[in-house]
Amino acid sequence: METSAMPQRIITHPWEYRTESFKIAGDLYYVGNSYVACYLISTSQGLILLDTAFPQTVYLLLEAIRELGFSPRDIKYIVHTHAHYDHCGGTKAIAELTEAQTFLGQEDLPCLNERTDLTWAEEYGVVFHEAFDVDFPLVDGDVIKLGETLLEAVHSPGHTDGTMSFFFSVVDRGERYRVGIHGGPGQMTLT
Numbered sequence: 213m214e215t216s217a218m219p220q221r222i223i224t225h226p227w228e229y230r231t232e233s234f235k236i237a238g239d240l241y242y243v244g245n246s247y248v249a250c251y252l253i254s255t256s257q258g259l260i261l262l263d264t265a266f267p268q269t270v271y272l273l274l275e276a277i278r279e280l281g282f283s284p285r286d287i288k289y290i291v292h293t294h295a296h297y298d299h300c301g302g303t304k305a306i307a308e309l310t311e312a313q314t315f316l317g318q319e320d321l322p323c324l325n326e327r328t329d330l331t332w333a334e335e336y337g338v339v340f341h342e343a344f345d346v347d348f349p350l351v352d353g354d355v356i357k358l359g360e361t362l363l364e365a366v367h368s369p370g371h372t373d374g375t376m377s378f379f380f381s382v383v384d385r386g387e388r389y390r391v392g393i394h395g396g397p398g399q400m401t402l403t
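Per my numbering, residue 213 is the first one in the sequence shown, and the count goes up by one each step.
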């Protein structure tokens, strides 16, 4: 498949981008599709979902969570790496379904309502109107805690003004590992 056709095709044929969910290490799981990464962290107090992909792929994301034996209704926090359509497009639907609280880098807040042209929505041939309320705007150094899990937010501007990377620990087979999830590579070219 031609790469230039991929963004539009995932909107019209999302099922073609389905991929198996899997355990990465400890309580960290991959629940995204073959185009956009989404992660799930299981804690003693519920689930943390990192990014929600497109609104058109929400059903794939929910099914991936169920395949791992979790209930989407146990999602307590939805944490975003950045405010592009392909990373937060499904948030409104999932937040309404689960009543989860949402987190997004403070500098990306204008993208949701004032500068929707910066969400990449036009690149995908759609207009982004799935804005959601951000319960917790994030700044560098914030720590998100749920159960025993602590996600350290690191402001990583470049891909968007408010891109956030996250660092946390997982325990797998008795070994402790430090995990880092980068918020988005490359320079923002839409400004």
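Glycine included, each C-beta is placed from N, C-alpha and C at the ideal position.
**Item:** Burial state of N325 (16 or more Cβ within 10 Å)
**Value:** exposed
**Integer Cβ distance of A295 from D320, believed to fall under 8 Å** = 4 Å
**Message:** Can you look up H367 in the DSSP assignment and give me helix, strand or coil?
**Reply:** strand
**Request:** For the region 284-311, list the alpha helix (DSSP H) runs that are entirely contained and at least 4 residues long, ordered along the chain.
**Result:** 297-300 and 303-310
**Prompt:** In three-state DSSP terms, what is E279?
**Reply:** helix
**Asked** Between T303 and Y297, what straight-line distance do the alpha-carbon atoms span, to the nearest angstrom?
**Response** 10 Å
**Message:** If you reduce the DSSP assignment to three classes, tell me which class E319 lands in.
**Reply:** helix
**Message:** I'd like the span of the beta strand (DSSP E) that includes V383, first residue to last.
**Reply:** M376 to D384
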